[in-house]
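When we follow this note's numbering, the leftmost residue of the sequence shown carries the number 7, and every step to the right adds one.
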Amino acid sequence: MHHRSPTIRIALVGFGNVGKTLVERLGGAYQRALREEGAQVRVTGIATRSHGIAVDPQGLDSRSVLRLIRSGRSLGALHRGPVVKSTKHFIKTVPADVLVELTPLDPKRGEPATTHVRLALARRMHVISANKGPVAFALARLRALARRKGRAFLYEGAVMDGAPIFNLVERCLPGTKILSFRGTLNGTTSLILSRMEDGLRAADALREAQALGIAEADPRHDLDGWDGAIKGCALAHAFWGIRVLPTRVRRKGIGGITARDVRRALRHGERLRLVVRGERRGQQVRITVAPEAISLDDPLAGRGGDSALLLETDLAGEIAIVEREGTVDQTAYAVLSDLLAILRRPDRGEAR
Ligand SMILES: NC(=O)c1ccc[n+]([C@@H]2O[C@H](COP(=O)([O-])OP(=O)(O)OC[C@H]3O[C@@H](n4cnc5c(N)ncnc54)[C@H](OP(=O)(O)O)[C@@H]3O)[C@@H](O)[C@H]2O)c1
7 MHHRSPTIRI
17 ALVGFGNVGK
27 TLVERLGGAY
37 QRALREEGAQ
47 VRVTGIATRS
57 HGIAVDPQGL
67 DSRSVLRLIR
77 SGRSLGALHR
87 GPVVKSTKHF
97 IKTVPADVLV
107 ELTPLDPKRG
117 EPATTHVRLA
127 LARRMHVISA
137 NKGPVAFALA
147 RLRALARRKG
157 RAFLYEGAVM
167 DGAPIFNLVE
177 RCLPGTKILS
187 FRGTLNGTTS
197 LILSRMEDGL
207 RAADALREAQ
217 ALGIAEADPR
227 HDLDGWDGAI
237 KGCALAHAFW
247 GIRVLPTRVR
257 RKGIGGITAR
267 DVRRALRHGE
277 RLRLVVRGER
287 RGQQVRITVA
297 PEAISLDDPL
307 AGRGGDSALL
317 LETDLAGEIA
327 IVEREGTVDQ
337 TAYAVLSDLL
347 AILRRPDRGE
357 AR
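Shown next, in the form of structure tokens:
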């Protein structure tokens, strides 16, 4: 019999749009779901780049943490115990069972997020990442490390926010092969192109995406297709176990698209969207990112910040999953869903 753990301790690396929403909801809307698992969550540490680091083995008070960060102050005032010198030092010492990786995406190397995940697994913490860097660049290695350490590495929020795509393929399609996929996986460009259909300017629509917290820290990564490229690589790594570097993706962004192009497409019953495609032929995987004209009756022709993924399978035909108006709330939910998956493990998340 395993000892039931009433409290699971989590530590966050990165406390921006997703981290703040997560902590806010852990103290509110997510409590019911956690109670149903017979568990409580205690946030024992938060590390940021320029807003300090706080560790408290007794648990940080979510309201105090949010108040400090929203007023632009350092979390250091809430820190209890020996000085923590760096993010790596934090990951190596924080008293937690689960590390949640929420630092910004680096599309060229997937760092320092991949190192963060590796260090946490190495000391036998479970890891949840909404950062697609580690999934695209290092999934096979990190999965092997997690297996050796008897811990979970989960990343449902890394692509399509809270829509369960990794879980769908891993758990609900046994015996099926994914032959190819195509998706509108970048909410920011979908929102921009959709607003342009309504006559808004691209720059204003980008500001809306930024206000919603769905744009990447550097929005050029959305517009130039880097975010889409790395998501395509993350899916390929997860679906096929094959690593493709984002620099090898044929990539075209939405920069050249004008309001006239958008309106002309609409007159022809089509929407312009940035589409990520992946296809496997033997051990070869090809991933592309480019704007496409999508017929209005296609599952990918959503409005606003909708995103969609269509899987072509060998035994189950075509399966599509759509997320309506993805926001940071759904990404925070993805982290909760991974946390609940950890709580359902026989070891109930206990790392030590
Ligand atoms: N927002 C979404 O809708 C969404 C959806 C799916 C996936 N994601 C992914 O989730 C991750 C987080 O997104 P976000 O929107 O929350 O990002 P964000 O608002 O830009 O916040 C990033 C946080 O990471 C911290 N940080 C940066 N470098 C760090 C380091 N080396 N060590 C410790 N902390 C560091 C920043 O600290 P400072 O503030 O002090 O600089 C900030 O707190 C990204 O990888 C993103 O791609 C986001």
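Ideal Cβ positions, reconstructed from N, Cα and C, are used throughout, including at glycine.
Less than 8 Å separates the beta-carbon of residue 107 from that of residue 122. As the crow flies, the alpha-carbon of residue 159 is around 43 Å from that of residue 265.
Sequence-distant partners of residue 313 (beyond 5 residues in either direction) whose C-beta falls short of 8 Å from its own C-beta, in its chain, are 166, 167, 169, 189, 190, 191, 192, 193, 196, 328, 329, 332.
The stretch 295-313 makes contact with the stretch 275-285; the number of CB pairs closer than 8 Å reaches 3 or more.
At a cut-off of 7 Å, the beta-carbon of residue 130 does not count as near ligand 1: no heavy atom of the ligand is closer than that. If the five residues before and after residue 177 are omitted, its C-beta is found closer than 7 Å to no C-beta atom of its own chain.
Taking a 10 Å sphere around the C-beta of residue 183, we find fewer than 16 other C-beta atoms and assign the residue as exposed. At a Cβ-Cβ threshold of 8 Å, residue 208 and residue 215 do not count as neighbours. Listed as beta-bridge partners of residue 186 by DSSP are 285, 318.
Under the three-pair Cβ rule at 8 Å, the stretch 102-121 does not count as touching the stretch 30-42. Residue 16 and residue 300 have their C-alpha atoms spaced approximately 42 Å apart. Residue 56 has its CB nearer than 7 Å to a heavy atom of ligand 1.
Annotation note: the stretch 193-242 contains the following uninterrupted alpha helix (DSSP H) runs of length 4 or greater, listed N- to C-terminal: 193-203, 208-218, 226-229.
Approximately 17 Å separates the beta-carbon atoms of residue 198 and residue 235; this is outside 8 Å, ruling out the contact.
Closer than 7 Å to some heavy atom of ligand 1: that describes the Cβ of residue 109. In the DSSP assignment, the residues bridged to residue 313 are 329.
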